[in-house]
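Just below is one structure, and these are the notes that go with it.
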Amino acid sequence: MGRALAGALLAAGREVTVWNRTPGKADDLVARGAREAAALEDAIGASDLTVACLLNDASVRETLAPVLPKLAGSTLVNLTSGSVRQARELAERAEEHGVRFLAGGIMAVPPSVGTPGAFILYSGARDLFDRVAPALEPLARPHYVGEDPGFAALYDMAALSGMYGIAAGADHAVALVHAEGGDVETFRREVLGPWMEQMLPLQVAGADVSGTVPAEYNPGMQATGLENMLSASREAGVATEQEGHLRAQLWLMRRAADTATG
Ligand SMILES: NC(=O)c1ccc[n+]([C@@H]2O[C@H](COP(=O)([O-])OP(=O)(O)OC[C@H]3O[C@@H](n4cnc5c(N)ncnc54)[C@H](OP(=O)(O)O)[C@@H]3O)[C@@H](O)[C@H]2O)c1
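Each residue of the sequence shown is one higher than the one before, counting from 1234 in our numbering.
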């Protein structure tokens, strides 16, 4: 991801200095005009805007601890995935060292960085975001989600939860078709794709904070349907571990049906 981010900045004609724990992974970026810093301290001093994108919060903590004081007066943008608490804690440590800080959540995969449709969530001080957004624009459309530094991580994780729910459903669907001798490619193209496209906006709009199900959705009927799907999955021999999304919905529908019938 770091390579994709740096590449997008280079493509926009920006001056870029890169650093990676294992040296020599940036040859393609160097060939495109980036400067590879031999030491992290050199990269930190190269600009008043530093973008971090490492594996996880632990690697960011470990890497930044010795250089955080040197970032004083400059801006640090952390695009590493992590939790709400981790983002808030890093923001506090940055503030203690006089570092202006934005937390980010990348809503893109490396090939889509810098392309239309990709966006990055940012949280932290609004005036700082307004100031640095033009510099960050080449990465992906900057989207501000609030002063609380934890909010970029919050929305990132919640959006990923939605995505993995879809992935679980799609994987289970093709496993079922495959197990019963169906043609997976035809199913994918002619059935699953069009069906998902039709339903996705309804599912997003209908996702309910309280976990309740409106009566017009007929939760009793849906619970029966979900039980059928679980039986079909069992008959086909699909691994029960792949049924988690069906069980989650069955739990909700049964609860809603029980509430409706008193
Ligand atoms: N890839 C995606 O599709 C995607 C999408 C959205 C968000 N993200 C987020 O972007 C971040 C980076 O993902 P990635 O795809 O680039 O992962 P990756 O390919 O596994 O790269 C991890 C990077 O972190 C560095 N690193 C790991 N441990 C380190 C440590 N202890 N100290 C210093 N550097 C360390 C690695 O350096 P070495 O080369 O030295 O190992 C490498 O540069 C993650 O937080 C991920 O969740 C990724």
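Virtual Cβ for every residue (Gly too), placed ideally from N, Cα, C.
What you are looking at is a predicted structure, and each value in this text was computed from that prediction instead of being measured.
Scanning its chain for C-beta atoms nearer than 7 Å, with the 5 sequence neighbours on each side dropped, one finds around residue 1331 the residues 1305 and 1306, in chain order. The three-state reading of DSSP puts residue 1461 in helix, counting H, G and I together.
For residue 1336, the beta-bridge partners assigned by DSSP are 1311 and 1356. DSSP places residue 1285 inside the beta strand (DSSP E), whose first and last residues are 1282-1285. The set of residues with any CB-heavy atom separation to ligand 1 below 6 Å comprises, in chain order, 1234, 1235, 1253, 1254, 1255, 1258, 1286, 1287, 1288, 1289, 1292, 1295, 1296, 1313, 1314, 1339, 1342 and 1343. Just so you know, the alpha carbons of residue 1259 and residue 1269 end up roughly 7 Å apart. When DSSP states are grouped into helix, strand and coil, residue 1254 belongs to the coil group.
Taking C-alpha positions only, residue 1314 is separated from residue 1290 by approximately 7 Å. In terms of Cβ geometry, residue 1401 and residue 1477 form a close pair [threshold 8 Å].
The beta carbons of residue 1368 and residue 1378 sit no closer together than 8 Å. Boundaries of the alpha helix (DSSP H) harbouring residue 1411: 1384-1412, taken from the DSSP string. Residue 1484 counts as exposed, since fewer than 16 other C-beta atoms from the protein chains shown sit within 10 angstroms of its C-beta. Within a 10 Å sphere around the beta-carbon of residue 1355 sit 16 or more other beta-carbons, which makes this residue buried. Between residue 1282 and the set 1439, 1412, 1487 and 1239, the nearest pair of CA atoms involves 1239.
The beta carbons of residue 1371 and residue 1244 sit closer together than 8 Å. DSSP places residue 1329 within a helical segment (H, G or I) once states are collapsed to three. Classified as buried, residue 1308 has 16 or more neighbouring CB atoms from the shown chains inside 10 Å of its CB. DSSP lists 1354 as the beta-bridge partner residues of residue 1376.
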